[in-house]
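Student: Mind looking over this structure? Questions follow.
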Amino acid sequence: MIMKNKVIEGNLVEVLNNMPETCIDAVISVPDIKDHENGVFMRLMENGSPEWTAVMRVAKPGTNFLCLSDESHYDILATEMRLAGAEIRDKIDFYTSDDAEYVELFSYLIKMIMPPYDGATLLIPYCENNDCIIQACEQDGVSYIAIKTK
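Position one of the sequence shown corresponds to residue 280 (the working numbering), numbered consecutively onward.
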C-alpha cells in the first residue's frame, strides 16, 4: 500500500524502488540544479540517471510529467528525461519569486497534468518549491506522494 498525502524521507531511488510499478499517474518536479553545477551531469550522461529511471518505473504508461528548471539548465533536464525514456512535448516559461503566485501556478498546472479520474496520484520528488506544490495539492484535493531526500 502506498502512503498518500505524506512527505516520505529517504533516498529517492530506494523509496521509488520499494513502490509498485506503474502506480503513479502524474509527476511534478523541480530538480536540484546544484547537482548539475557540481559535475553530476557527466555521470548522468555516461550512466543515465538512476533517479529518472526509477521515476519512469513507477509511472503509468502515458504519465504526464511537469519538470521545472531555469533556462540555463533546461537542456540538461531534457537530456536526463530523454535518456530515461520520457518524451518532451512542450516548454513553458514562467518567472516569479512570490510564493502565492507559485501556488496559483502549480494549482493550474496540476489540474492540467492530472488524469480526470478519482484516486489519481501525483509524485513529487522533493525540491525547493515543494511547499507550494503540496499547498496547491491540498487546496485542490489532489492525492500526492512527496519524497524528501535525506
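Backbone N, C-alpha and C define an ideal beta-carbon position, used for all residues, glycine too.
1) On the three-state DSSP scale, how would you describe I403?
2) Are the region 350–370 and the region 383–402 in contact at 8 Å, needing three or more beta carbon pairs?
3) Starting from S308, follow its DSSP beta bridges and name the residues at the other end.
4) Nearest by alpha-carbon distance to T400: which of P329, P299, T375 is it?
5) Are the region 392–399 and the region 375–383 in contact at 8 Å, needing three or more beta carbon pairs?
6) Would the beta-carbon of I426 fall within 7 Å of that of I287?
7) Run through DSSP, which three-state label would M321 get?
Tutor: With the structure as the only source:
1) In the three-state reduction of the DSSP assignment, I403 falls in the strand class.
2) no
3) Note: S308 sits in a beta bridge opposite C346.
4) Selected option, being the one with the closest Cα: P299.
5) With the rule of 3 Cβ pairs closer than 8 Å, the region 392–399 does not count as touching the region 375–383.
6) The beta carbons of I426 and I287 sit closer together than 7 Å.
7) Confidence in M321 is poor, its pLDDT being 42 and thus under 50, which makes the residue's placement too unreliable to answer from.
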